[in-house]
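A short write-up of the structure that comes next.
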Amino acid sequence: MKIPNIYFEIGAFLIMFISLGKFLEAKAKGKTSESIAKLMQLAPKTARVKVGNESKDIPIEQVKTNDVIIVRPGEKIPVDGKIINGYSSVDESMLTGESLPVEKTM
């Protein structure tokens, strides 16, 4: 009577590879969450809004539609909008991946 070959190591390797895959996936998700948190910290917290002939710094949450935002050279743009006066180069690398600033004008 011949004893059939039993392959217990295949089950062990299968469980090991699945566990390794789950571990690597969890590690990648953790790094992604950490990167997103760091990107959120880079965003500006205030916007310089034109009120009459003066400018006033207010939290981004208080910016309303049709407010005029003043962005000085080198500053980050706090909110979406369109240029109504002037021109400059804008670093859009976080949005588009372009390495060079893009010229923007009205």
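With the first letter of the sequence shown counted as 1, position 86 gets the number 121 in the working numbering; the numbers rise by one all the way through.
Just so you know, even glycine gets a beta-carbon here, dropped at the ideal spot from N, CA and C.
When DSSP builds the beta bridges, which residues end up paired with residue i?
i: Y122; result: T140
Using the C-alpha atoms, what's the distance from residue j back to residue i?
i: T67; j: L59; result: 12 Å
i: I119; j: M129; result: 23 Å
i: K57; j: D92; result: 47 Å
i: N101; j: D126; result: 23 Å
i: K64; j: I38; result: 47 Å
Find out if the Cβ-Cβ distance for the pair residue i, residue j is shorter than 8 Å.
i: I104; j: G116; result: yes
i: S124; j: E138; result: yes
i: S90; j: V98; result: no
Is residue i buried or exposed, if buried means 16 or more other CB atoms sit within 10 Å of its CB?
i: V114; result: exposed
i: A82; result: buried
Going by C-alpha distance, which of the options is nearest residue i?
i: T140; options: P108, A72, M75, G121; result: G121
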